[in-house]
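One structure below.
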Amino acid sequence: MNAFSSLDPRDRRGPVVCIGSVVADLVAHPLRTVPAPGRQALVDSIGLYSGGSGGNTASALARLGVPVELIARTGADALGEFLRQELGRRGIGLAGLRRTAGAGTSCTLALVDPDGERRFIHAVGANAHLTLADVDWGLIERAPIVHVAGALVLPGLDGAPLAELLARARQLGALTSLDIIWDDTGRWMQMLGPALPFVHLFLPNLAEAQALTGCQTPDAAGQALLAAGVSAVVIKLGAAGCLVKTAAGPALTVPGFPAAALDATGAGDAFAAGLLAALWRGWDLAAAARLANAVGAQCVTSLGATAGIGTWEETLAMLDAAG
Ligand SMILES: Nc1ncnc2c1ncn2[C@@H]1O[C@H](COP(=O)(O)OP(=O)(O)OP(=O)(O)O)[C@@H](O)[C@H]1O
Ligand SMILES: [Mg+2]
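Take any residue in the sequence shown, note its place counting from 1, add 29, and you have its number in the working numbering.
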C-alpha cells in the first residue's frame with residue numbers, strides 16, 4: 030500500500046484504531062498555598078476529566094468525525110467506569126477497552142495555582158498493564174490506520190512488543206502511526222529503535238526528536254529518523270507549526286496558526302488526530318499537516334485536552350478563513 034496517497038479505498042472508511050494510555054485527571058483550582066503536613070487547603074473546584082494520550086487522541090478523532098476504536102486498560106474501579114462512560118459518550122468504540130483487577134485506573138492529580146502553573150501527582154496504575162495480549166487483532170485487521178499514542182511511557186508495550194504490534198499491523202495493511210511521550214529514563218533509541226522500521230508516520234515533538242537522534246535542527250533530526258526506518262516524520266514545533274520530512278523530497282515547514290494560547294495540554298494529541306483525520310479522508314501529507322496545525326491551535330486556546338477541538342466542518346472553515 031502507498032502509505033500516504035492511497036489508503037486502500039475498500040477499507041479507508043473503516044475505524045481507525047488508537048492504542049494508548051487513558052487517565053482520570055482530577056484538577057484542583059486554584060491552589061493558593063500548598064498545605065503543610067496535616068493541614069488542608071481549600072480550592073474553588075475539583076473536577077474530574079478524561080485524559081491520557083490514547084483517550085485524548087481517540088476523543089479528538091471522534092470529534093473530527095472519524096470512527097475510532099480505542100485499545101487501552103482501566104482498573105476495575107469507579108474512575109475506570111467514569112472513563113468508560115465519558116469516552117463512550119464521545120462515540121469512541123470501546124470493544125478494546127479492558128479492565129484489570131491488578132491495578133487501579135491511572136490517575137493524575139493536577140494542582141493548578143492561581144497563575145495557571147500546575148503541579149502533577151500521577152499514579153501509573155492500569156496503563157502499565159496494557160500489553161500485546163490486549164490487542165484485538167480483528168480490529169487491527171479492519172483498520173485503515175493504527176496509531177499508538179504515548180509510547181515510551183507504556184511499560185507493558187514499550188520495546189519488543191511495540192515493534193511486534195506495529196510490524197503485524199503494517200503486515201495486515203494498516204498505515205502505522207506513532208507518537209511518544211518524553212522519557213525521563215533516557216532510553217530513547219534503545220527502547221524505540223526496533224519499532225521505527227515498522228512506522229509509516231512518526232510524530233515526535235522537537236525535543237523528543239533531538240533526544241532520539243542527537244541532531245539539533247528539525248531537518249537533521251528528521252533525516253536521522255528516516256535513516257532509522259520510518260517512512261515519514263512530522264516533527265511538532267509548538268506555535269511554529271511542524272516540519273514534514275519523507276524520503277521523497279526536501280523537508281517542508283508548515284507554519285502554525287496564530288493562537289491565544291491558554292493551556293497546551295493535549296496539543297500533541299490533537300495534532301495527531303488532525304493529521305490522521307485528514308489522511309483518513311484521503312488528503313496528502315502536506316495538506317494533512319496544515320489541518321493538524323489548525324487542530325493543535327484549537328486545542329491550546331481552551332482549557333483541557335479536548336474541549337477546544339472543533340468538528341471537521343469547523344476546522345475546514347478555519348483553514349478557509351486563513352486562505
Ligand atoms: N502556542 C501555539 N500556537 C499555535 N499552535 C500551537 C501552539 N502550541 C502548539 N500548537 C500546535 O499544536 C501542535 C502540537 O504541539 P506541540 O508542538 O507542543 O506538541 P507536543 O510537544 O507533542 O505536545 P504535548 O505536550 O501535548 O505532547 C504544534 O505542532 C502546533 O500545530
Ligand atoms: Mg507530545
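The C-beta atom is built at its ideal place from N, Cα and C for all residues, glycine as well.
- Assignment of beta-bridge partners to Phe231 by DSSP yields Leu207, Val262.
- Distances from the CB of Lys265 to the heavy atoms of ligand 1 include at least one below 6 Å.
- Shortest Cα-Cα distance from Gly122 to any of Val153, Ala289, Thr86 involves Thr86.
- In this structure, the beta-carbon distance from Ser50 to Gly81 falls below 7 Å.
- According to DSSP, residue pairing for Asp106 in a beta bridge does not occur.
- For Asn234, the distance from the CB to the nearest heavy atom of ligand 1 is below 6 Å.
- Straight through space, the alpha carbons of Gly311 and Ala203 are spaced by roughly 14 Å.
- Under the Cβ criterion (8 Å, minimum of three pairs), the stretch 177–188 counts as touching the stretch 156–168.
- Gly122 sits in a strand when the DSSP states are folded into three classes.
- Residue pairing by DSSP places Thr62 opposite no residue, since no beta bridge is assigned to it.
- With a threshold of 16 other beta carbon atoms within 10 Å, Pro279 falls short and is exposed.
- A direct Cα-Cα distance of roughly 44 Å separates Val63 from Ala317.
- Per DSSP, Ala180 is one residue of the beta strand (DSSP E) stretching across 174–180.
- With a contact defined as Cβ atoms closer than 8 Å, Ala315 and Leu281 qualify at about 6 Å.
- Taking the Cβ atoms as the reference, Thr330 lies roughly 7 Å from Ala290, within the contact range of under 8 Å.
- The beta carbon of Ala132 is closer than 6 Å to those of Gly104, Gly154, Ala155, His158 in its chain, skipping five residues each way along the sequence.
- Remark: the shortest separation between the CB of Cys271 and any heavy atom of ligand 1 falls under 6 Å.
- Short note on Gly81: C-beta not closer than 6 Å to any heavy atom of ligand 2.
- At least one heavy atom of ligand 1 falls within 6 Å of the beta-carbon of Phe300.
- In this structure, the C-beta of Ala296 approaches ligand 1 to less than 6 Å from one of its heavy atoms.
- With a threshold of 6 Å, the Cβ atom of Asn156 does not count as near ligand 1, since no heavy atom of the ligand is closer than that.
- The alpha carbon of Gln219 has as its nearest neighbour, out of Gln252, Glu115, Asp165, Leu181, the alpha carbon of Leu181.
- Going by DSSP, Arg148 is part of the beta strand (DSSP E) stretching over 147–152.
- Exclusion of the five residues before and after Leu116 leaves Val51, Ser79, Gly84, Ala87, Ser88, Leu99, Leu123, Leu126 as the residues of its chain whose Cβ lies within less than 8 Å of its Cβ.
- For the set Gly109, Gly258, Phe231, Val177, the Cα lying nearest the Cα of Thr129 is the one of Gly109.
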